[in-house]
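Numbering (full-length UniProt numbering), first residue to last: 1 to 116.
Written out as structure tokens, the structure is:
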């Protein structure tokens with residue numbers, strides 16, 4: 001018997017922000033106006049992860065498998081966001097996380113963020 005598997009998480013992208021909802025009911029959400037850094041990394045054999053961080057180091061981790069054109073289009077609205085650089089980093093992902101965008105006025109230092 002074939003059934004529909006329930007995803008472990010799903011992502012909503014709106015004009016106001018991005019939210020990742022997990023199967024256990026927890027939610028990571030971030031308003032676009034609060035995003036100060038975007039990192040990309042992960043294992044290309046499983047899934048690339050986009051990590052959006054706010055000034056306090058709180059974030060929302062978005063798997064590439066959950067992204068769509070709305071997510072990528074919204075990233076373009078971040079000041080001076082470079083989609084070409086994003087494509088290069090995604091294409092060369094090797095497990096390390098790389099900062100692909102930082103706010104023109106970032107905080108002096110972001111705390112470490114645990115990636116799931």
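For every residue, glycine included, the Cβ atom is placed at its ideal position computed from N, Cα and C.
Query	Result
Just list the residues that DSSP pairs residue 101 with in beta bridges.	38
Compute the Euclidean distance between the alpha carbons of residue 98 and residue 86, then round it to the nearest angstrom.	10 Å
Output the distance between the C-alpha atoms of residue 69 and residue 38, rounded to the nearest integer angstrom.	17 Å
Are the Cβ atoms of residue 57 and residue 28 separated by less than 8 Å?	no
Answer yes or no: do residue 62 and residue 100 have a C-beta to C-beta separation smaller than 8 Å?	no
So for residue 75, helix, strand or coil by DSSP?	helix
Express the C-alpha separation of residue 14 and residue 93 in angstroms, rounding to a whole number.	27 Å
With distances taken from CA atoms, which of 9, 36, 18 is nearest residue 26?	9
Residues in its own chain within less than 7 Å of residue 31 by CB, not counting five upstream and five downstream?	16, 17
Out of 90, 53, 73, 91, which has the shortest C-alpha to C-alpha gap to residue 33?	53
Assuming contact is defined by CB atoms lying nearer than 8 Å, are residue 51 and residue 78 in contact in what I supplied?	no
By DSSP's criteria, residue 43 is part of a beta bridge. Which residues make up the other side?	47
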